[in-house]
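The opening residue of the sequence shown carries number 8 in this note's numbering; numbering runs sequentially from there. We put the CB at the ideal spot given by N, CA and C, even for glycine. Being a predicted model, the structure only gives us computed values, none of them experimental.
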Amino acid sequence: MATGVRAIIFDLDGTLYSSDGFANEIKRGAAAYIAGLKGITADAAAPLIKETRERLSREIGQEATLSLVCIELGGSIEDFHATATPLIHPETFLKPDYRVTTLLSKLSQWYDLYLYTNNNRTLTNRILETLELSCLFEKIFTIEDFWQPKPDRNVLEQIFSTIRRTPDECLFVGDRHDVDLKLPAKMGSSCFLVSDIEDLLGLEIFLFRNIHEQKPENALYSKETQIMTRTEKDTLGTLEVPADAYYGAQTARAIVNFPISGLKPHPALVWATLTIKLSAALANMETGRLPQELGNAIVQAAKEALSGAFADQFVVDPFQAGAGTSHNMNTNEVLANRAEEILGGERGVYAKVHPNDHVNMAQSTNDVFPTAMRLSSLRMISELLDEMDGLKNSLRAKGAEFDGILKSGRTHLQDAVPIRLGQEFEAYAVAIEKNTANLRGCQEHLYQLGLGGTAVGTGLNAEPSYIEQVVKIIRDETGFPVVNAANLVETTQNMDPFVVLSSALKSIAINLTRISNDLRLLSSGPMTGLNEINLPPVQPGSSIMPGKVNPVILEMLNMVSFQVMGADTVITLAAQAGQLELNVMMPVIIHNILSSIEIMKNAIRKLRESCIDGITANIAQCSRYLESSVGMATILAPLVGYAAAAEIAKESLKTGRSTKEIIVSRELLSPEALAEIIDPYPLTTPGISGKRSTKPKEEVS
């Protein structure tokens, strides 16, 4: 009795990629080898190879490989590969297919993956690197391991021994029945034939089904544990679903249809959708449409899910079609199956609680998903606001700490008039404070809910009393001051609130980038940069330069900010892509909104904890730059005139002497009078230089 598939053994050429151009280049490599072997031209060798291959295939009753053809023509496999490999360039013809990468990545969570190819190791590695598949296989078997081409029983037995699997524990995947699959099948392995990449992508759904007909339990296995399947039915037919899954057929189809990013829905979106389902069940019970027994079971299931009980059951990739239908149905199926269990039924039967009829009662994806977008955004905004308030307070504290430190200001990255280091940090705090106020204002747009509008905002199949009641319940459940939107059609059609929110996030990202760039510049050095402030060291900065410490937190902040700015472009494009009564791009909008808030929230917290709070000032360096700055000449302008002040600045640049030194040497001011003028507070607040200090001793002619 088979114990289940535990390992998948893939062919390479024609299976994990398809390229006629590359196949022809391999043939040209073979022709070059035979031409040298026979002393003929490559043009003459090509038809010879073709004729020999056709004859040999007839004689052995299966497709002959190029390796067998070379042997038949008097060559050796080793020489063939040594000659042909340098002539073959996979980089020219192949490129990564991220559908394949995603598929193999997912399968590797459940099965041991292996590769078995007639290519040599060098060429195999180059192909895999080009396809970006190098790290996905437990072991790679090439012609060099055995110097015997496919198919060969002894080779397969060695492979089974090496991977410590029996034939019935292995599934072979290939594009040639005779070469890749026929012999493994005879030895007891399962096989999956592909003719193109689309066939290969069907492997996942194939593994949902009974891959061993002799196994009446209809089981599918992971590496460690057996997972039974159950049969569910939807409008497209029957489908195998893991028996322990709370999701159902529509979610299983979405898993197969959208293996795009490998990501799952953001927890805030799951929370929001569950909150809507709980509130809808309560409202539908109040209107009398939903029987109390069923409604209470749905409410209990939703509360369990909100506590995190089924977090691993919300699985649909954020990049999905249908305006979020797959995510909505994922939630409906999980709650229906759990409610069915609560009432004594079995998962997947839906005898009492149905995903559409009961969990989705008076709802459509088209009003549920936009509402979930709003609620999840509101929840995440509140978390981001907390972090922004913390950052503002940290910057303000540094502003107070550095308030008495006078330094050279800079405009155009050139010396300018003095400024206090504390003023720079206080300005950063004010910028964040303004961003925070702007972000808070975005919440007003999100309080307007279109729930109850159903498919197109007209409220078809929703009781008027339900529409009022469900929003009231959501208000009570979440604490958000949400209200029914004035026009449900408009709310269903338009994504304006998320464009406004994204713009606010972009504005924050712009200011964070500006602050980050300033701090990197002010801390540059330590010996050859400005070095006016010290950033707390958090990790070594270089693998080759000992002692180097980089501003890694600020560099991280820049990257996060750039990501948020890019996401704003995605959101803008997706928002304008709505047509007529619906915007079907909602999933990518909310994915980028929540992702932007998430990474920005985390980045701001790290910025505050690991950077801002630990910044110190190099007071001596600030003073040294200030004294040598030509910006000091501006202080003299009201006292000696613009032209004379300019002469002092020019002399400072020409001689390298500080402006302060020139002023004293010319006896324009005494050292005591100059010290009185260079007072941090009068000098960096509105007023005329010198009116609080001694007049110059003499005019400069």
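When we look at the beta-carbon of Asn764 and count the other beta-carbons within 10 Å, is it buried (16 or more) or exposed? Residue 764 is absent from the structure shown; the chain starts at 8 and stops at 708.
On the criterion of 16 or more Cβ atoms from any shown chain inside 10 Å, does Ala682 qualify as buried, or is it exposed? exposed
Which parts of the stretch 63-98 are runs of the alpha helix (DSSP H), unbroken and 4 residues or longer, counting only runs that do not cross its ends? 73-79, 84-91
Beta-carbon gap between Leu208 and Cys198 smaller than 8 Å: no
Using the C-alpha atoms, what's the distance from Met592 back to Asp185? 45 Å
Residues bridged to Asn541 by DSSP? Thr623
Per DSSP, Arg237 is paired with what? Val248
Output the distance between the C-alpha atoms of Leu428 and Leu564, rounded to the nearest integer angstrom. 22 Å
Suppose the cutoff is 7 Å on Cβ atoms and the five residues either side in sequence are ignored; what does the same chain contact list for Tyr435 look like? Leu402, Ile522
In this structure, how does DSSP classify Asp319 when only helix, strand and coil are distinguished? helix
Drop a sphere of 10 angstroms on the beta-carbon of Gly457, count the other beta-carbons inside from all chains shown, and report buried for 16 or more, exposed for fewer. buried
Threshold first: 4 residues or longer. Then list the alpha helix (DSSP H) segments lying entirely within the stretch 499-542, N to C. 503-529
Does DSSP classify Gln476 as helix, strand or coil? helix
Determine the burial state of Leu580: buried for a count of at least 16 other Cβ atoms within 10 Å of its Cβ, exposed for fewer. exposed
Separation of Pro156 from Leu80, as counted between CA atoms: 15 Å
Between the stretch 377-392 and the stretch 450-466, do at least 3 Cβ pairs fall closer than 8 Å? yes
How many angstroms separate the CA atom of Tyr254 from the CA atom of Thr245? 15 Å
According to DSSP, Ser314 sits in a beta bridge with which residue or residues? Answer by DSSP bridge pairing: none, since Ser314 is not bridged.
Could you check whether the stretch 302-312 touches the stretch 97-117, counting it as contact only if at least three pairs of C-beta atoms, one from each stretch, sit closer than 8 Å? no
Contacting residues, own chain, Cβ-Cβ under 7 Å from Gln299 (five flanking each side not counted): Met292
Helix, strand or coil: which one does DSSP assign to Asn31? helix
Quick one: using the 10 Å Cβ neighbour count with 16 as the cut-off for buried, is Val571 buried or exposed? buried
Considering only DSSP beta bridges, list what Lys414 is partnered with. Ile426
Rounded to whole angstroms, what's the CA-CA distance from Tyr121 to His598? Just pull it up for me. 34 Å
Would you check if the stretch 629-643 and the stretch 399-416 touch, i.e. whether three or more CB-CB distances between them fall below 8 Å? yes
Going by beta carbon distance, what residues of the same chain come within less than 7 Å of Ala462, once the five residues before and after it are set aside? Ser371, Asn373
Pick from Thr692, Lys661, Leu633, Leu690 that is closest to Lys667, judged by C-alpha positions: Leu633
May I have the straight-line CA-CA distance separating Val356 from Ala469, to the nearest angstrom? 26 Å
Are the beta-carbon atoms of Leu110 and Leu178 separated by less than 8 Å? no
Would you mind working out which of Ser333, Asn337, Pro362, His334 sits nearest Ala346, comparing C-alpha positions? Pro362
What does DSSP give as the partner residue(s) for Lys146 in the beta ladder? Tyr121
Which residues in the same chain have their Cβ closer than 7 Å to the Cβ of Leu561, if we skip the five residues on either side of it in sequence? Ser523, Leu526, Arg527, Cys618
Take Gly486 as the anchor and find which of Ser389, Pro594, Thr137 has the nearest alpha-carbon. Ser389
Just to check my reading of the structure: Leu594 and Gly331 have Cβ atoms closer than 8 Å, yes? What is that Cβ distance to the nearest angstrom? Checking the displayed sequence, the identity of residue 594 turns out to be Pro instead of Leu. Correct: roughly 5 Å between the Cβ atoms.
Just the C-alpha distance for Leu690 and Thr641, rounded to the nearest angstrom, thanks. 11 Å
Assess, as a yes-or-no matter, whether the stretch 14-25 is touched by the stretch 129-142 under the definition of 3 or more beta carbon pairs within less than 8 Å. yes
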